[in-house]
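There are 4 protein chains.
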Amino acid sequence: MGLEDYRRSVSETKRAAILKAARQNFLIGGYSKAAMAEIARDADVSTATLYKHFSSKETLFRAVIEEAYGGIDERPIADVGGASAHEVLCGICRIYLRQQFEDQMNGLLRMVIGEVPTSPQLAQEVFARGVTVRYGQFRKVLDALVARGDLAPHDTETSVRQLGGIVKEFIVWPALFTKDYRIPDDIEETIDGCVSAYLTIHGRPAAARIAK
Amino acid sequence: MGLEDYRRSVSETKRAAILKAARQNFLIGGYSKAAMAEIARDADVSTATLYKHFSSKETLFRAVIEEAYGGIDERPIADVGGASAHEVLCGICRIYLRQQFEDQMNGLLRMVIGEVPTSPQLAQEVFARGVTVRYGQFRKVLDALVARGDLAPHDTETSVRQLGGIVKEFIVWPALFTKDYRIPDDIEETIDGCVSAYLTIHGRPAAARIAK
Amino acid sequence: MGLEDYRRSVSETKRAAILKAARQNFLIGGYSKAAMAEIARDADVSTATLYKHFSSKETLFRAVIEEAYGGIDERPIADVGGASAHEVLCGICRIYLRQQFEDQMNGLLRMVIGEVPTSPQLAQEVFARGVTVRYGQFRKVLDALVARGDLAPHDTETSVRQLGGIVKEFIVWPALFTKDYRIPDDIEETIDGCVSAYLTIHGRPAAARIAK
Amino acid sequence: MGLEDYRRSVSETKRAAILKAARQNFLIGGYSKAAMAEIARDADVSTATLYKHFSSKETLFRAVIEEAYGGIDERPIADVGGASAHEVLCGICRIYLRQQFEDQMNGLLRMVIGEVPTSPQLAQEVFARGVTVRYGQFRKVLDALVARGDLAPHDTETSVRQLGGIVKEFIVWPALFTKDYRIPDDIEETIDGCVSAYLTIHGRPAAARIAK
DNA sequence: CATGAATGAGTATTCATTCAT
DNA sequence: AATGAATGAATACTCATTCAT
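Here the protein sequences come in this chain order: X, G, R and B.
For the first sequence, this note's numbering gives the first residue as -19, with consecutive numbering after it.
For the second sequence, this note's numbering gives the first residue as -19, with consecutive numbering after it.
For the third sequence, this note's numbering gives the first residue as -19, with consecutive numbering after it.
For the fourth sequence, this note's numbering gives the first residue as -19, with consecutive numbering after it.
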């Protein structure tokens, strides 16, 4: 039994090493330019072992993406707590951006988009994960704010996307087109502007309180 | 002179055929999977002729993208005319979407994004063209509406992106992840929703509430 | 261990087969006309295997040359023994010529010369090997003859080249320009003439007249 | 008639331009790497014109070589005059070397050697020109010196090659293997050494000892 | 069970030569 | 007579995947 466990743990260690090496290699030059042989070498396994774990390059790519996106929705979301609506919304925007920018997530996203003709289903899954799952979490916050009376009652399924769209426009979209994008220093002000715009639309009658 | 003209016309015909074939091939399986030999065959020229026109695959790709994006800003923009702000804004949204969806523009955009690691500069140019040039045109409309008193005075450079972001979120973003995206039937309602949200923020009577 | 040994032996067998096929192919039409694919085919390996062993055509060419020239200086050199100076010198000339004419060495030399613009360093190495190493061995013989009193004391570094130059002029130089050069039947007389001329310069009783 | 002359002169001008451009291009990277298209461009003619003048690359190469070697034997040779045998011989060595080193003759020679498998006949011709023609001229000088009593009577056909061989060994052979060979500063001393060795063999008082 | 050598189909690119104008 | 665009065969090199040990 112990032997089996040992083997499993070795196997999982290798699997993790492969995934890590693959992610790095994919990120450097995109899906096509990454070479299985080099991934294997970087992961300190033979190509045969690599293929034992992932039966094809596409499978490996998918695993890399799934691993990256799998973690996203398990993150704790900011509690509404006693903070103002503005503060809470800025908080969820920050969470969103943190997830989007850490670990080269943007680079992975670029690849998923680039590989749409080849792996359309994967792209759909990533999209669904992003919109359905992530936005779903954020909706809970919006709903809580509505319940608390900080937001006017409205269709939060739509409104979460309005907020998301504005944030993406200013922050994610540029990152998608820029190789080594760095989050700009005035990010807080940008977030603030996005949230203010959102509150102008959906904020309680409380129009007067808007904007810094 | 006659000879030269003849040659030029033949040359331009071939160049156009190559660009067309290249665009199609690129769109099918992405940049990497497209083969120069097949592009040449589809364009009814030899590979050598192809290379006389475009000295490398990357050059050809760039030419395809530039041709696609070159036309965009020369399109006439909707006149403000006597229409209401809401109508005018829906109009520019429609223009934006028409440009984005015709001729498989979304597919090209996907490739540009996918090739960011390889051709970062091209991506920057496309981004600049999209944001600077296109939004620049739309801003003129917003400024006209402000001048006319239909919109509250505000920073239109920012607000055009707010509108753009919301529209992208609902329409462009899904298309980016979907192989053969078809504009949904309820597109008009979606546009209407986006514009309404925008007007809530920047519409006239709301002048007092404008952020920064 | 057994596996590794097996693999090494297979690998070395293939490497040798590749080198042999490469040498033949290079000799047929020169460096440029030799095709990697055909070399691979002749060696009964795939092109990929060829490239695993030699990372480029140039590398392969260099390996062929180095293999050919590597053996040269490990050959035993004629012992001075009790033979006359004339006999000894004829002996080393014969060794020199045997090395130069066996295994199509002249053909390889032609290629090295032809590839000087492309591989200048390789040419330098071959030249150094020829002059420094080979002549170095022959010098030992001359020095022995000087010590024995059969040659007048003199600068053997220069004189070995005088002998070599004369021999080359009559035998190597024509071979360099002739596709399938065959050593002529009167080679012995030619060698004899060269050695006689050399001895006229450096032979014993003539000691007083040495130049410089 | 004048028109015809004009045409001929234009044609010859172009031919000369082509030959010049070809020589340069051949010298840069060797026969194979030179491209007909670039030669044509450098010569300011169309490829078709180039092919009107020289029906193939090989023909062009041959023409370049022939032009280069054609001039050699028409050069005036040093007169024996009243100079000493040593001076005269140094003089013809200098002539030989001047011919060999000017206009990148060594580079052309390298190519001829490298192309022996492809153009064996050309190599033969160049060899014959070098040995027969050039040495023939130099023999006249040797014969004159013999007649004058400065050299012992002997077979000058052989002895001219002995001198030539020694000179080649020290000066031409290294140049053959060195990309941008520069004649060393101590060339005069080297020549002097070669001539002295030659005179030791064939100089007057030594007449008795000449080998066969 | 792990290895890494081997594969063969595929890629972008080049070039001597021809031909319609 | 001159052009230069067009050709198509050829070339070095790569890579995802398999298989004998």
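Don't be surprised by glycine CBs; every beta carbon is placed ideally from N, CA and C.
Q: Find out if the Cβ-Cβ distance for the pair residue 157 of chain R, residue 93 of chain B is shorter than 9 Å.
A: Here residue 157 of chain R is taken as the residue at index 177 of the third sequence, counted from 1. Here residue 93 of chain B is taken as the residue at index 113 of the fourth sequence, counted from 1. Contact annotation: residue 157 of chain R and residue 93 of chain B have beta-carbon atoms nearer than 9 Å.
Q: Out of R/-12, R/76, R/145, state which residue places its alpha-carbon closest to the alpha-carbon of residue 114 of chain R.
A: If you number the third sequence from 1, residue 114 of chain R lands on position 134. Its Cα nearest to that of residue 114 of chain R, the residue R/76 stands out among R/-12, R/76, R/145.
Q) Going along the chain, which unbroken runs of the alpha helix (DSSP H) with 4 or more residues stay wholly within the segment 26 to 84 of chain X? A) Taking only runs of at least 4 residues, the alpha helix (DSSP H) segments lying wholly in the segment 26 to 84 of chain X are 27 to 33, 37 to 50, 65 to 81.
Q) Around the Cβ of residue 148 of chain R, are there at least 16 other Cβ atoms within 10 angstroms (buried) or fewer (exposed)? A) Numbered from its first residue, the third sequence carries residue 148 of chain R at position 168. Classification of residue 148 of chain R: buried, given that the 10 Å Cβ count is 16 or more.
(Q) Just verifying my parser: in three-state terms, what is the DSSP assignment at residue 183 of chain G? (A) Taking the second sequence and counting its residues from 1, one reaches residue 183 of chain G at position 203. DSSP places residue 183 of chain G in the strand class (E or B) of the three-state scheme.
Q | Selected residue, minimal CA-CA separation from residue 182 of chain X, among X/130, X/78, X/169 | A | Against the first sequence, residue 182 of chain X aligns to sequence position 202. Taking the Cα of residue 182 of chain X as reference, the smallest distance to any Cα among X/130, X/78, X/169 is reached at X/130.
Q) From residue 59 of chain X to residue 72 of chain X, what distance separates their C-alpha atoms? A) Counted from its first residue, the first sequence places residue 59 of chain X at position 79. Counted from its first residue, the first sequence places residue 72 of chain X at position 92. About 9 Å.
Q.
Is residue 64 of chain R close to chain B? Criterion is C-beta to C-beta, closer than 9 Å.
A. In the third sequence, the residue the question calls residue 64 of chain R occupies position 84. No, no contact with chain B.
Q. Applying a beta-carbon distance threshold of less than 8 Å, which residues of chain X neighbour residue 106 of chain G?
A. Counting from 1 along the second sequence, the entry for residue 106 of chain G is found at position 126. Ordered by position in chain X, the residues that pass the 8 Å Cβ test against residue 106 of chain G are 157.
Q: Show which residues of chain R have a CB atom less than 7 Å away from the CB atom of residue 96 of chain B.
A: Within the fourth sequence, numbered from 1, the residue matching residue 96 of chain B stands at position 116. For residue 96 of chain B, the neighbours in chain R by C-beta distance under 7 Å run, in chain order, 90, 157, 159.
Q: Tell me, please, whether the CB atom of residue 141 of chain G is closer than 9 Å to any CB atom in chain X?
A: Here residue 141 of chain G refers to the residue found at position 161 of the second sequence. Residue contact check for residue 141 of chain G against chain X: a CB pair falls below 9 Å.
**Q.** CA-to-CA distance, residue 151 of chain G to residue 96 of chain X, given in whole angstroms
**A.** Position 116 of the first sequence, counted from the start, is the residue given in the question as residue 96 of chain X. Position 171 of the second sequence, counted from the start, is the residue given in the question as residue 151 of chain G. Going from the Cα of residue 96 of chain X to the Cα of residue 151 of chain G covers about 17 Å.
Q: Pick out whichever of X/128, X/83, X/-4, X/100 has its Cα sitting closest to the Cα of residue 155 of chain G.
A: Counting from one through the second sequence, the residue named residue 155 of chain G turns up at place 175. Nearest C-alpha to residue 155 of chain G among X/128, X/83, X/-4, X/100: X/100.
Q: Output yes if chain B places a C-beta closer than 9 Å to the C-beta of residue 7 of chain R; else output no.
A: Taking the third sequence and counting its residues from 1, one reaches residue 7 of chain R at position 27. Yes - at least one Cβ of chain B is within 9 Å of the one on residue 7 of chain R.
**Q.** Residue of G/6, G/-12, G/2 minimising C-alpha distance to residue 98 of chain X
**A.** Here the question's residue 98 of chain X lines up with position 118 in the first sequence. Comparing alpha-carbon positions, the option among G/6, G/-12, G/2 lying closest to residue 98 of chain X turns out to be G/6.
Q: For my contact list, residue -1 of chain B and residue 47 of chain B are in at a C-beta cut-off of 8 Å; report their separation, rounded to the angstrom.
A: Locating residue -1 of chain B in the fourth sequence gives position 19, where the first residue counts as 1. Locating residue 47 of chain B in the fourth sequence gives position 67, where the first residue counts as 1. Between the beta-carbon of residue -1 of chain B and that of residue 47 of chain B there is about 6 Å, and that keeps the pair under the 8 Å contact cut.
Q: Grab me the residues of residue 40 of chain R's own chain with a C-beta within less than 6 Å of its C-beta, minus the 5 sequence neighbours each way, in chain order.
A: As a first step, residue 40 of chain R must be located in the third sequence, where it is residue number 60. Short of 6 Å from the beta carbon of residue 40 of chain R, and not among the five residues preceding or following it, lie these beta carbons of its own chain, in chain order: 2, 34.
Q) Taking just the CA atoms, how far does residue 174 of chain G sit from residue 90 of chain X? A) The residue given as residue 90 of chain X occupies position 110 in the first sequence. The residue given as residue 174 of chain G occupies position 194 in the second sequence. Using only the alpha carbons, I get a separation of about 26 Å.
(Q) So, under 8 Å CB-CB, residue -3 of chain B and residue 23 of chain B are touching, yes? Tell me the CB distance rounded to an integer number of Å. (A) Position 17 of the fourth sequence, counting from 1, holds the residue named residue -3 of chain B. Position 43 of the fourth sequence, counting from 1, holds the residue named residue 23 of chain B. Confirmed, about 4 Å.
(Q) Does any residue of chain R have a CB that is nearer than 9 Å to the CB of residue 193 of chain B? (A) For residue 193 of chain B there is no data in the structure shown, the boundaries of chain B being -19 and 192.
Q | Proximity to residue 123 of chain B [Cα-Cα], best of B/69, B/110, B/165 | A | Position 143 of the fourth sequence holds residue 123 of chain B. Selected option, being the one with the closest Cα: B/69.
Q.
If contacts are defined as beta-carbon pairs under 8 Å, then residue 86 of chain G and residue 79 of chain G qualify, I think. What distance do you get, rounded to the angstrom?
A. Residue numbering aside, residue 86 of chain G sits at position 106 when the second sequence is read from its first letter. Residue numbering aside, residue 79 of chain G sits at position 99 when the second sequence is read from its first letter. Rounded, the Cβ-Cβ distance is 11 Å, inconsistent with contact.
Q: Alpha carbon to alpha carbon, how far is residue 146 of chain B from residue 142 of chain R? Give it in angstroms, no decimals.
A: As a first step, residue 142 of chain R is located in the third sequence; it is residue number 162 there, counting from the start. As a first step, residue 146 of chain B is located in the fourth sequence; it is residue number 166 there, counting from the start. If you draw a straight line from the Cα of residue 142 of chain R to the Cα of residue 146 of chain B, it comes to about 5 Å.
Q | Nearest-angstrom Cα separation, counted from residue 15 of chain B out to residue 27 of chain B | A | Here residue 27 of chain B is taken as the residue at index 47 of the fourth sequence, counted from 1. Here residue 15 of chain B is taken as the residue at index 35 of the fourth sequence, counted from 1. Going from the Cα of residue 27 of chain B to the Cα of residue 15 of chain B covers about 11 Å.
Q | CA-to-CA distance, residue 88 of chain G to residue 178 of chain X, given in whole angstroms | A | Counting from 1 along the first sequence, the entry for residue 178 of chain X is found at position 198. Counting from 1 along the second sequence, the entry for residue 88 of chain G is found at position 108. In this structure, the CA atom of residue 178 of chain X is about 31 Å from the CA atom of residue 88 of chain G.
Q | Cut-off 7 Å between Cβ atoms - residues of its own chain near residue -15 of chain R, not counting five sequence neighbours on either side | A | Along the third sequence, one-based indexing puts residue -15 of chain R at 5. Shown here for residue -15 of chain R: not one same chain residue has a beta carbon closer than 7 Å to its own, the five before and five after excluded.
**Q.** Under 8 Å from the C-beta of residue 100 of chain R: neighbouring residues of chain B
**A.** Along the third sequence, read from residue 1 onward, the residue named residue 100 of chain R stands at position 120. Near residue 100 of chain R (Cβ distances below 8 Å), the residues of chain B are 158, 159.
Q) Hey, residue 137 of chain X and residue 109 of chain X: beta-carbon distance below 9 Å or not? A) For the purposes of this step, residue 137 of chain X is identified with residue 157 of the first sequence, where counting begins at 1. For the purposes of this step, residue 109 of chain X is identified with residue 129 of the first sequence, where counting begins at 1. Taking 9 Å as the Cβ cut-off, residue 137 of chain X and residue 109 of chain X do not qualify as a contacting pair.
(Q) Quick check on the DSSP output: the alpha helix (DSSP H) that includes residue 146 of chain R runs from which residue to which? (A) As a working mapping, residue 146 of chain R is identified with position 166 in the third sequence. That run of the alpha helix (DSSP H) goes 136 to 147.
Q.
Using DSSP's beta-bridge definition, name the partner residues of residue 131 of chain B.
A. By one-based count along the fourth sequence, residue 131 of chain B stands at place 151. Residue 131 of chain B is bridged by DSSP to B/183.
Q. With 16 as the cutoff for other CB atoms within 10 Å, does residue 127 of chain R come out buried or exposed?
A. On the third sequence, position 147 is the one that residue 127 of chain R refers to. So residue 127 of chain R ends up on the exposed side.
Q. Which of the three DSSP states, helix, strand or coil, is assigned to residue 112 of chain G?
A. Taking the first residue of the second sequence as position 1, residue 112 of chain G is located at position 132. If DSSP states are grouped into helix, strand and coil, residue 112 of chain G belongs with the helices.
Q: Quick one: residues in its chain with C-beta nearer than 8 Å to the C-beta of residue 140 of chain G, no 5 flanking neighbours on either side, listed in chain order?
A: Stepping through the second sequence from its first residue, residue 140 of chain G is reached at position 160. Residues of the same chain with a CB within less than 8 Å of the CB of residue 140 of chain G, apart from the 5 flanking positions on each side, are 115, 118, 119, 122 in chain order.
(Q) Does chain R have any CB closer than 9 Å to the CB of residue -4 of chain B? (A) Counting from 1 along the fourth sequence, the entry for residue -4 of chain B is found at position 16. So no, residue -4 of chain B is outside the interface.
Q.
Report the CB separation of residue 102 of chain G from residue 52 of chain G in whole angstroms; it is logged as a contact under 8 Å.
A. In the second sequence, the residue the question calls residue 102 of chain G occupies position 122. In the second sequence, the residue the question calls residue 52 of chain G occupies position 72. Their Cβ separation, rounded to whole angstroms, is 15 Å, which puts residue 102 of chain G and residue 52 of chain G out of contact at 8 Å.
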